[in-house]
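**Q**
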DNA sequence: AATGATGATGGAATCGTTTCCATGAGCACT
DNA sequence: AGTGCTCATGGAAACGATTCCATCATCATT
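Chains as they are written, first to last, in our numbering: chain A, 1 to 335; chain B, 336 to 670.
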């Protein structure tokens with residue numbers, strides 16, 4: 001069926017043509033020391049033969065496969081798509097392949113995925129973590145090079161130490177939220193709701209903190225990862241609490257759900273309800289009315305995380321990227 | 336710094352504990368023949384030691400690394416994000432890791448990426464191809480297992496044969512376009528424009544064909560992959576041809592650009608201009624006015640493509656998935 | 001001149017798996 | 001009893017790189 005084909009060019013061929021040993025070729029090609037003359041001969045031979053080192057051989061020897069793994073909850077969500085894009089673009093400049101896995105914000109799936117990566121001897125992971133600290137702690141202790149992006153796992157119990165060591169690139173939810181809430185209170189709003197997705201602990205915590213006395217725990221609701229669940233959460237909140245005058249959606253899917261639910265229930269934005277959404281997606285401007293948003297540097301988060309995991313130099317504990325309130329037309333004064 | 340740690344459990348350890356040779360262990364674990372008793376002993380030993388085969392060793396021996404590569408123009412585009420999601424979800428059920436690369440619809444970057452994959456000895460690629468046939472033909476001849484998704488490369492010259500053999504999963508642009516154009520002509524439109532992105536040859540060809548006598552070549556315009564370019568193309572078209580009464584956007588980024596440009600230029604949709612967009616994204620419904628779209632089964636395209644490349648059974652040449660016109664409010668009668 | 005330090009070099013081991021091949025046992029048939 | 005067949009089995013050879021280690025040359029220092 002398939003012809004034997006031309007044998008792959010190996011380091012041995014290069015060594016032979018250059019009249020040196022394989023060890024020397026390896027050294028030259030990976031930047032080790034060698035005399036100028038030898039170096040030239042080797043390089044010559046390599047180009048003449050169009051030699052491409054096999055990642056397979058290298059990987060086995062080094063007991064680690066190259067490349068980076070990236071775990072996100074949902075690649076279909078514009079925010080994570082941009083985050084991926086950032087990672088991809090950084091990894092590209094290092095010529096490192098990126099393996100992507102979708103966790104669906106589910107601890108079990110995440111653990112599964114990580115298991116697969118372990119089997120592949122992947123030792124660099126960028127993750128938007130969903131699972132419990134237990135699992136991540138064990139991964140870190142196994143010597144894997146982990147960087148968290150967008151959120152980190154809560155240090156719990158005995159693993160606190162291990163997990164606090166893990167670098168993370170986050171967007172500064174708190175400051176964005178603060179600006180947003182100040183903006184809303186400035187417009188007279190007092191009953192402000194928050195639409196969250198499970199796993200958004202950090203963001204919710206920031207909301208609670210910034211709201212301070214104004215906080216009404218009954219106004220923060222959680223949805224699962226699906227669109228339907230987001231819609232249900234939004235619709236439920238709107239119906240349950242007629243006194244609600246403003247709401248902050250914790251992500252673009254939540255925002256979408258809020259707009260839809262509002263429309264369905266004849267709640268007019270911004271007349272009856274002011275809406276601010278986390279994450280500035282292209283359609284926020286196309287929406288009717290154009291949505292006021294807290295813009296997040298999704299792509300930068302990914303890029304920086306990739307840098308952290310790839311450069312591997314001195315590692316700052318955690319970096320926090322600024323968010324920005326972009327005012328459009330979805331907020332109005334309290335009526 | 337790092338402790339030597341417990342040595343990895345290898346097949347040799349299992350063999351020793353089970354009192355058999357490594358060859359036997361390998362056979363048992365990969366479903367070869369062995370006596371019932373031996374099989375049990377091996378399986379026992381493996382679980383007792385919590386043995387995980389190393390993908391590295393296997394890969395080197397088999398001269399191919401597992402997993403699938405996926406090349407898309409832009410992961411930030413909702414359509415391709417869904418396509419990725421489909422691939423990911425299929426690959427998951429085969430426990431195969433997926434490596435994603437972004438081509439930016441650029442032949443050179445694509446070739447670069449493919450080079451990287453070659454180096455990794457990846458031999459299964461799902462691609463939304465951007466590059467020339469030359470390159471893909473050589474990849475296919477090198478024995479790689481390629482499946483095209485969303486579009487295929489045009490068979491040119493001597494490579495026609497090779498490339499026609501490559502399976503592809505496409506969405507049936509033609510039928511969707513036909514319905515859309517019939518819908519528009521039914522509303523009285525005659526001057527119908529098409530906003531395309533470079534590389535959308537197939538879709539443009541379908542447009543030309545379906546339009547037949549109505550086709551005005553001056554009304555089909557091309558943009559590059561960026562948002563800005565899409566906006567420029569749309570705005571340019573709207574300004575240049577005041578007699579335009581309807582336009583079809585070849586993708587969601589083009590549609591977005593069209594809405595924005597129209598708004599900017601005080602072109603009212605659907606009063607002054609009817610708009611139909613390829614791809615039903617969540618925000619199409621949130622847009623003002625809600626957009627009439629040609630829905631594409633992006634996720635299915637990805638899923639089927641992954642199936643094709645992974646199952647590798649008898650391979651149908653090409654499969655075409657249906658598209659559907661979803662009428663909302665962005666089209667009106669010609670004025 | 002003897003000694004030591006430095007640097008370039010190549011042979012060989014190593015990584016963990018799959019697979020080729022030879023061996024030997026068991027069995028049926030002549 | 002001898003022959004041939006089918007199995008299960010294990011040793012050993014790949015796969016292609018990196019890297020340890022020993023060797024040797026060169027040069028400076030005492």
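In this text, a Cβ means the ideal position worked out from N, Cα and C, and glycines have one as well. Quantities reported herein were computed from a predicted structural model and do not represent experimental measurements.
#1: State yes or no: is the beta carbon of residue 419 of chain B nearer than 8 angstroms to at least one beta carbon in chain A?
#2: Label residue 31 of chain A either buried or exposed according to how many other C-beta atoms from any shown protein chain fall within 10 Å of its C-beta, with 16 as the threshold for buried.
#3: With distances taken from CA atoms, which of A:266, A:119 and A:261 is nearest residue 230 of chain A?
#4: On the three-pair Cβ rule with 8 angstroms, is the region 182-190 of chain A touching the region 293-304 of chain A?
#5: Check distances from the C-beta atoms of the region 429-450 of chain B to those of chain A and list, in chain order, the residues that come in under 9 angstroms.
#6: What separation, rounded to the nearest whole angstrom, lies between the Cα atoms of residue 81 of chain A and residue 416 of chain B?
#7: Does any residue of chain A bring its CB to less than 8 angstroms from the CB of residue 453 of chain B?
#8: Assign residue 69 of chain A to one of three DSSP states: helix, strand, or coil.
#9: Could you check if residue 495 of chain B is buried or exposed, using at least 16 other CB atoms within 10 Å of its CB as the buried criterion?
#10: Hey, would you say residue 422 of chain B sits closer than 8 angstroms to residue 654 of chain B, going by beta carbons?
#11: So which of A:92, A:148, A:238 and A:135 has the shortest CA-CA distance to residue 266 of chain A?
#12: Residue 290 of chain A and residue 328 of chain A - do their beta-carbons sit closer together than 8 angstroms?
#13: Tell me which residue opens and which closes the beta strand (DSSP E) that residue 197 of chain A is part of.
#14: Taking 8 angstroms as the threshold (beta carbon to beta carbon), is residue 33 of chain A in contact with chain B?
#15: Using a C-beta to C-beta distance shorter than 7 angstroms, which residues of chain A count as neighbours of residue 425 of chain B?
#16: In chain order, what are the residue ranges of uninterrupted beta strand (DSSP E) at least 3 long that sit wholly in the region 118-185 of chain A?
#17: What does DSSP give as the partner residues of residue 436 of chain B in its beta bridges?
#18: Might you give, ordered along the chain, the residues of its own chain that have their beta carbon closer than 8 angstroms to the beta carbon of residue 279 of chain A, omitting 5 neighbours on each side?
#19: Across the region 12-19 of chain A and the region 38-58 of chain A, are there enough close Cβ pairs to call them in contact, namely three or more that are closer than 8 angstroms?
#20: Please identify, using Cβ separations under 8 angstroms, the residues of the region 656-668 of chain B that lie next to chain A, in order along the chain.
#21: Should the region 129-146 of chain A be called in touch with the region 444-458 of chain B, which here means at least 3 C-beta pairs below 8 angstroms?
#22: Please compile the residues from chain A whose C-beta is within a distance smaller than 7 angstroms of the C-beta of residue 617 of chain B.
#23: Bridge partners of residue 654 of chain B, per DSSP?
#24: What's the gap between the Cα of residue 552 of chain B and the Cα of residue 97 of chain A?
#25: Return helix, strand or coil for residue 324 of chain A, following the three-state DSSP convention.
#26: Give the DSSP-derived three-state secondary structure of residue 287 of chain A in the structure shown.
#27: Might you give, ordered along the chain, the residues of its own chain that have their beta carbon closer than 6 angstroms to the beta carbon of residue 429 of chain B, omitting 5 neighbours on each side?
#28: Can you tell which of B:443, B:400, B:386 and B:385 has its C-alpha closest to the C-alpha of residue 57 of chain A?
#29: Could you confirm whether any beta carbon from chain B is found closer than 8 angstroms to the beta carbon of residue 198 of chain A?
#30: Using CA coordinates, which residue listed in A:203, A:91 and A:247 is at the minimum distance from residue 70 of chain A?
#31: Is there a Cβ from chain B that is less than 8 angstroms from the Cβ of residue 71 of chain A?
#32: Is residue 52 of chain A close to chain B, meaning its C-beta is less than 8 angstroms from at least one C-beta of that chain?
#33: For chain A, check one thing: does any of its Cβ atoms lie closer than 8 angstroms to the Cβ of residue 410 of chain B?
#34: Taking just the CA atoms, how far does residue 657 of chain B sit from residue 343 of chain B?
#35: For residue 2 of chain A, would you say it is in contact with chain B, using Cβ-to-Cβ distances shorter than 8 angstroms as the test?
#36: On a Cα-Cα basis, can you pick out the residue from A:211, A:14, A:206 and A:221 that is closest to residue 51 of chain A?
**A** Once the coordinates are examined:
#1: When Cβ-Cβ separations below 8 angstroms define contact, residue 419 of chain B makes contact with chain A.
#2: Per the 10 Å Cβ criterion, exposed.
#3: Nearest C-alpha to residue 230 of chain A: A:261.
#4: Judged by pairs of C-beta atoms under 8 angstroms, the region 182-190 of chain A does not touch the region 293-304 of chain A, as fewer than three such pairs exist.
#5: The residues in question are 430, 431, 432, 433, 434, 435, 436, 437, 444, 447, 448 and 450.
#6: Near 7 angstroms, if we compare the C-alpha coordinates of residue 416 of chain B and residue 81 of chain A.
#7: True, the Cβ-Cβ gap to chain A drops below 8 angstroms.
#8: Residue 69 of chain A falls in the strand class under three-state DSSP.
#9: Label assigned to residue 495 of chain B: exposed.
#10: Cβ atoms of residue 422 of chain B and residue 654 of chain B: not closer than 8 angstroms.
#11: The option with the nearest alpha carbon to residue 266 of chain A is A:238.
#12: Annotated as proximal: residue 328 of chain A and residue 290 of chain A, with beta-carbon spacing under 8 angstroms.
#13: Counted as a single uninterrupted DSSP element, the beta strand (DSSP E) harbouring residue 197 of chain A occupies residues 192-197.
#14: Closer than 8 angstroms: no.
#15: Within 7 angstroms Cβ-Cβ: nothing; residue 425 of chain B doesn't reach chain A, min ~12 angstroms.
#16: Look at the region 118-185 of chain A and you find these whole runs of beta strand (DSSP E), each 3 residues long or longer: 124-127, 145-149 and 168-171.
#17: DSSP output for residue 436 of chain B lists B:406 as bridge partner(s).
#18: Scanning its chain for C-beta atoms nearer than 8 angstroms, with the 5 sequence neighbours on each side dropped, one finds around residue 279 of chain A the residues 78, 79, 251, 252, 255, 293, 294, 295, 296 and 298, in chain order.
#19: Segments in contact, yes.
#20: Per Cβ criterion, the list is empty.
#21: No: fewer than three Cβ pairs fall under 8 angstroms.
#22: Those are 256, listed as they occur along chain A.
#23: Beta-bridge pairing by DSSP links residue 654 of chain B to B:504.
#24: Each residue's alpha carbon lies about 41 angstroms from the other.
#25: Reduced to three states, the DSSP call for residue 324 of chain A is strand.
#26: Correct three-state label for residue 287 of chain A: strand.
#27: Around residue 429 of chain B, the same chain offers 645 as residues with beta carbons nearer than 6 angstroms, after the five sequence neighbours per side are excluded.
#28: When B:443, B:400, B:386 and B:385 are compared, the shortest CA-CA separation from residue 57 of chain A is found for B:400.
#29: When Cβ-Cβ separations below 8 angstroms define contact, residue 198 of chain A makes no contact with chain B.
#30: If we check each option's Cα against that of residue 70 of chain A, A:91 comes out closest.
#31: It does not; no Cβ of chain B falls within 8 angstroms.
#32: The beta carbon of residue 52 of chain A falls within 8 angstroms of a beta carbon belonging to chain B, placing the residue at that interface.
#33: Chain A, which has a Cβ nearer than 8 angstroms to the Cβ of residue 410 of chain B, makes this yes.
#34: Residue 343 of chain B and residue 657 of chain B have their C-alpha atoms roughly 50 angstroms apart.
#35: At residue 2 of chain A, the pLDDT of 43 sits below 50, so the modelled position is not reliable; the number obtained from the coordinates is stated separately. Yes - at least one Cβ of chain B is within 8 angstroms of the one on residue 2 of chain A.
#36: Ranking the options by Cα distance to residue 51 of chain A, first place goes to A:14.
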